[in-house]
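Residue numbers (our numbering): 149 to 529.
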């Protein structure tokens, strides 16, 4: 399988070694039994294991320059790590801290702010997240109604990931006295900051989300406040690409588990994998998953190379991953039969992650519409 992936996607030997290392760590240190137990906990993750992951594998800040405490690699390596985490539904604040918050700092932060926060996030000393959701339409900047006034923020943000226990929250909100374009602000969590977290009931209990209320909280502007519209769009594109790669990991696991079950399940004296309907379903699913993986990998490469077509690649990757993950979840449950959605069977955990990820950072329809708008603009230019 490694040789096939290498030939099709042209991963380097170092990237394949990274994938094998992360996959081995996840296989040896995590399990669905552990994930189910963490679903019942307040934090939703094992902090000790999370620290081991960052320390032993060095994946914290994997795409952060070495001068800021990172590994100095690219978004391609980050994508590989996320795919392996998505494959096992690894519950942790990695996506919030090392994708969302880290990307915001890298895109917008001043050298001084990067030097202060990125090494702490990379080591796990600081857990961070980003609060920005006010409306489901991510691209419409008019949806940002709550503003920062005189360096203080009062308002609430929805669908904030891993806010419980976070040391730092990056808030995206317009400056009331500026041009009302969204700016990035640092909010330090602590006794002096009135920040309240309310968990949200979600179909996916493996990823913590909630509503965060800010009450006259002092905030510090990230960077100089310039080019905010462009930087916000980049932030969304980067997040979509990261999530797409996490999603294809889950889709691949569902495909493999469905094929394995079909090979072992015997009906009428033969494995159900020998039946034409099951064969066709698995073959169609393989095509969907492979297309989504290609789109997600290509989008990660676009970030690494600074490709100007990143917005198009990001929308294609997220739309394709939405479709593949949901099809994989539905088909895996059907192939497993009635047992597929029982609590004792693990398949429903991936189904719920697929469903929540489908709407996180944009639905398939939203990304297709965005893509068509960009095509129309290009043709009219």
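Using N, Cα and C, we set each Cβ at its ideal position, and we do this for glycine too.
In this chain, the beta strand (DSSP E) harbouring residue 333 covers 330-336.
Scanning 502, 382 and 241 for the CA closest to the CA of residue 251 turns up 382. The three-state reading of DSSP puts residue 237 in coil, since its state is none of H, G, I, E or B.
Using a C-beta cut-off of 8 Å, the stretch 221-229 makes no contact with the stretch 257-268, since fewer than three inter-stretch Cβ pairs fall below that distance.
Fewer than three pairs of CB atoms, one per stretch, sit closer than 8 Å, so the stretch 410-427 makes no contact with the stretch 488-498. As the crow flies, the alpha-carbon of residue 249 is around 42 Å from that of residue 428. Inter-residue distance for residue 176 and residue 520 is about 44 Å (C-alpha atoms, whole angstroms). Fewer than three Cβ pairs drawn from the stretch 475-492 and the stretch 449-466 lie within less than 8 Å of each other, which leaves the two stretches out of contact. Counted as a single uninterrupted DSSP element, the stretch harbouring residue 215 is not any beta strand (DSSP E), since DSSP gives it neither H nor E. For residue 395, the closest alpha carbon among the candidates 476, 457 and 375 is that of 476. Going by DSSP, residue 342 is part of no beta strand (DSSP E) at all; its letter is neither H nor E.
In the displayed model, residue 364 falls within a strand according to three-state DSSP. By the Cβ-count criterion, residue 162 is exposed, with fewer than 16 other Cβ atoms from all chains shown falling within 10 Å of its own Cβ. Between residue 305 and residue 319, the beta carbon gap of about 7 Å places them in contact (Cβ cut-off 8 Å). Restricting attention to 211, 324 and 189, the CA atom closest to the CA of residue 255 is found in 211. Non-local beta-carbon contacts of residue 392 in its own chain, meaning distances under 6 Å to residues more than five positions away in sequence, involve 444, 465, 466 and 469 in chain order. The beta carbon of residue 448 sits closer than 7 Å to the beta carbons of 223, 224, 227, 389 and 393 from its chain, once the five residues preceding and following it are set aside; these are given in chain order. As DSSP reads the structure, residue 320 sits in a beta bridge with 332.
Annotation: residue 244 is outside any alpha helix (DSSP H) and is labelled neither H nor E by DSSP. For residue 309, DSSP records a beta bridge to 357.
Assigned with DSSP and collapsed to three states, residue 303 falls in strand. With respect to residue 302, residue 364 sits close: the two C-beta atoms are nearer than 8 Å. By the beta-carbon neighbour count (other beta carbons within 10 angstroms, threshold 16), residue 196 is exposed. Shown here, residue 314 sits in coil according to DSSP, grouped into three states, outside any helix or strand. Per DSSP, reduced to three states, the secondary structure at residue 507 is helical.
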